[in-house]
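Going left to right, the sequence shown walks through residues 1 to 221 as UniProt numbering numbers them.
Below: one structure, written as structure tokens.
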Amino acid sequence: MRDVHIYCEASIWILDGFFWCLVMAISCPWAAELSSFLDDHEIIQPDSRRYNEETKTWAAQRNQSPKLLLRPRSVKQLARVLAYLNGKELDFAVRSGGVGSSSAKDVLISLSAFDGFEHDPAAETITIGAGQTWGEVDEKLEEAAPGYAVVTAFKLKIHKYTNNIYSGNIIIPNEALPELARAVAEFTRRTKDSHASLLSGPRPRGALGSRSPAGHHDRGV
Numbered sequence: 001m002r003d004v005h006i007y008c009e010a011s012i013w014i015l016d017g018f019f020w021c022l023v024m025a026i027s028c029p030w031a032a033e034l035s036s037f038l039d040d041h042e043i044i045q046p047d048s049r050r051y052n053e054e055t056k057t058w059a060a061q062r063n064q065s066p067k068l069l070l071r072p073r074s075v076k077q078l079a080r081v082l083a084y085l086n087g088k089e090l091d092f093a094v095r096s097g098g099v100g101s102s103s104a105k106d107v108l109i110s111l112s113a114f115d116g117f118e119h120d121p122a123a124e125t126i127t128i129g130a131g132q133t134w135g136e137v138d139e140k141l142e143e144a145a146p147g148y149a150v151v152t153a154f155k156l157k158i159h160k161y162t163n164n165i166y167s168g169n170i171i172i173p174n175e176a177l178p179e180l181a182r183a184v185a186e187f188t189r190r191t192k193d194s195h196a197s198l199l200s201g202p203r204p205r206g207a208l209g210s211r212s213p214a215g216h217h218d219r220g221v
């Protein structure tokens, strides 16, 4: 078992204009236990550049400066880490390729090593690793299948009425008014929703009217 030191506390004194800084290195038992089944490259120390990149949050106040960053490289290793942390009173979080808000006081688990990408041209589907951002997926997709885009799902008939709503005036010619009246009556008859209604009426002459070839004014409804 390797000895893992985490620098997690600092004190500063000012004496005669000079700064004296004492950084206390403490050995956390749980960090040493994690190192017993994780490889060196799966444990990221706070003084590494990768640590800064993968613990950075979208808002500075969200960053809790975790004492340790773990980057498991297989599902098996990830499962072992989660099983271990669930049995401890440690604050931990899992970070994937989302908006970058995950943080924790003790341990942050990064899924960035899960960066697989498989393209199936026949089925026109891709299978991607959970640790990627959509920008990374777009770059790989452009290489594998130029011109394609990712669609996660189509959801049909979620709402009773269409999502496409027109807002504006519709000009109805005079000769179509009887048909319009029948359509309004039919709509009123079959509509049971108290929040649905159809309002119609003639516009003042010249307000929205347009002259038809026969010289008659059309009505705005």
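Idealized CB from N, CA, C, for every residue including glycine.
Since the structure is predicted, the reported quantities are computational estimates derived from the model, not experimental observations.
Would you call the CB atoms of residue 113 and residue 102 closer than 8 Å?
Contact flag unset, no.
Inset, instruction - Put residue 111 into one of helix, strand or coil per three-state DSSP. - result: Coil.
What does DSSP give as the partner residues of residue 93 in its beta bridges?
Looking at the DSSP assignment, residue 93 forms a beta bridge with 108.
Looking only at its own chain, which residues have a Cβ that is under 6 Å from the Cβ of residue 56, when we skip the five neighbours before and after it?
Listed in chain order, the non-local C-beta contacts of residue 56 below 6 Å within the same chain number zero, local neighbours out to five positions each way being set aside.
**Item:** Identity of the residue in 69, 33, 116, 41 nearest residue 104 by Cα
**Value:** If we check each option's Cα against that of residue 104, 69 comes out closest.
Item to complete: Go ahead and pull the three-state DSSP assignment for residue 188.
Response: Three-state DSSP puts residue 188 in a helix.
- [ ] Identify whether residue 41 lies in helix, strand or coil by the three-state DSSP scheme.
- [x] Helix at residue 41.
Just to confirm, is the Cβ distance from residue 42 to residue 73 under 8 Å?
Yes, they are a contact pair.
message: Measuring straight from C-alpha to C-alpha, what distance separates residue 84 and residue 33?
response: Taking the CA atoms as reference points, residue 84 sits about 9 Å from residue 33.
Report task. Just confirm the distance between the C-beta atoms of residue 106 and residue 46, as a whole number of angstroms; I'd bet it's less than 8 Å. Result -> Rounded, the Cβ-Cβ distance is 12 Å, inconsistent with contact.
Give the straight-line distance between the Cα atoms of residue 100 and residue 58, rounded to the nearest whole angstrom.
Each residue's alpha carbon lies about 5 Å from the other.
Report task. Output yes if chain C places a C-beta closer than 8 Å to the C-beta of residue 120; else output no. Result -> Of the protein chains in this structure there is only one, and it is not chain C.
Q: Determine the contact status of residue 128 and residue 117, defining contact as a CB-CB distance below 8 Å.
A: Taking 8 Å as the Cβ cut-off, residue 128 and residue 117 qualify as a contacting pair.
In whole angstroms, give me the CA-to-CA distance for residue 144 and residue 53. Roughly 27 Å between the two C-alpha positions.
Cβ-Cβ distance between residue 97 and residue 133 below 8 Å: Cβ atoms of residue 97 and residue 133: closer than 8 Å.
Of the residues 37, 30, 49, 121, the one placed nearest residue 87, counting alpha carbons only: The residue with the shortest Cα to Cα distance from residue 87 is 30.
Sheet register partners of residue 120 (DSSP bridge)
Looking at the DSSP output, residue 120 shares a beta bridge with 125.
Tell whether a beta-carbon distance below 8 Å holds between residue 150 and residue 141.
A contact, by the Cβ cut-off of 8 Å.
On the criterion of 16 or more Cβ atoms from any shown chain inside 10 Å, does residue 111 qualify as buried, or is it exposed?
Buried, since its Cβ has 16 or more Cβ neighbours within 10 Å.
field: Three-way DSSP call (helix, strand, coil) for residue 78 in this model
entry: Residue state for residue 78 is assigned as helix, using DSSP reduced to three classes.
Ordered along the chain, which non-local residues of its own chain (more than five positions away) have a Cβ less than 6 Å from that of residue 78? 72.
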